[in-house]
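If you read the sequence shown in this note's numbering, its first letter stands for residue 2, the second for the next number, and so on.
Below you'll find the structure, written out as structure tokens, and then a few comments.
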Amino acid sequence: MSARVPAIILGGTGYVAGELLRLVLGHPRLVLAAIASDSQPGVPVAGAFPHLAAACGDLAFVSIADANEVAARIERSAVLAAAPHGVSHRMIDGLLTRAEAAGARPAVVDISADYRFADLAEYERVYGHPHGAPAR
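Given below as structure tokens:
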């Protein structure tokens with residue numbers, strides 16, 4: 002069997018993040034490397050997700066900056082972005098910029114709509130504002 006892939010969850014305090022956390026904790030090929038929340042760094046994850054308390058132990062949220070550093074230290078990781086639409090693109094862009102500078106190549110899945118369209122004009126037409134990370 003292949004080695005387990007480190008997973009990083011961004012925007013970690015909402016419902017979607019809780020579902021991603023539940024899936025990652027039970028996944029045979031993923032291992033949680035970090036769950037990030039800029040509003041609650043250092044706070045126990047079990048407080049936000051009591052139904053996962055037994056699986057979380059003393060796991061605490063990290064800041065987005067700390068998650069970026071984790072991604073930069075791991076050559077290959079899975080990044081799951083659970084931040085809201087309009088916020089996710091900046092988090093992902095910052096993480097990828099830091100990781101790429103360190104030679105890391107994380108794979109990213111964005112649950113928001115920030116990367117739903119390949120065409121920037123279509124994104125702007127649908128959402129009524131420019132994309133926050135157009136180079137991505």
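All C-beta atoms, glycine included, are put in the ideal place defined by N, C-alpha and C.
What's the C-alpha gap between residue i and residue j?
i	j	result
residue 90	residue 60	26 Å
residue 67	residue 7	15 Å
residue 95	residue 34	18 Å
residue 129	residue 107	30 Å
residue 55	residue 122	46 Å
residue 49	residue 58	13 Å
residue 136	residue 64	24 Å
For the alpha helix (DSSP H) containing residue i, list its first residue and its last residue.
i	result
residue 68	65-74
residue 49	46-49
residue 54	54-57
residue 83	Run containing residue 83: none; DSSP gives neither H nor E here.
In chain order, what residues of the same chain lie with their CB nearer than 8 Å to the CB of residue i, ignoring the 5 residues before and after it?
i	result
residue 105	72, 73, 74, 75, 76, 77, 78
residue 44	38, 61, 62
residue 21	10, 81, 83, 112
Am I right that residue i and residue j are in contact with their C-beta atoms under 8 Å? What's the rounded C-beta distance?
i	j	result
residue 18	residue 9	At roughly 11 Å, the Cβ-Cβ gap does not stay under 8 Å, so residue 18 and residue 9 are not in contact.
residue 36	residue 13	4 Å
residue 97	residue 109	7 Å
Please return the same chain residues whose Cβ sits closer than 7 Å to the Cβ of residue i, not counting the five positions on each side in sequence.
i	result
residue 113	82, 84, 85, 86, 89
residue 23	53
residue 5	30, 31, 32
Say the cut is 6 Å; is the CB of residue i nearer than that to a heavy atom of the ligand GTP?
i	result
residue 51	Of ligands this structure carries none, so the ligand GTP is not represented either.
Report the three-state DSSP secondary structure of residue i (helix, strand or coil).
i	result
residue 127	helix
residue 88	coil
residue 4	coil
residue 35	strand
Between which residues of its own chain and residue i is the CB-CB distance below 6 Å, once the five residues before and five after are set aside?
i	result
residue 134	90, 94
residue 25	8, 31, 33
Does any residue of chain C bring its CB to less than 7 Å from the CB of residue i?
i	result
residue 70	Within the model displayed, chain C is absent; a lone protein chain is all it includes.
On the DSSP letters alone, give me the boundaries of the beta strand (DSSP E) that residue i sits inside.
i	result
residue 18	Counting along the chain, residue 18 falls outside any beta strand (DSSP E), though it belongs to the alpha helix (DSSP H) covering 16-27.
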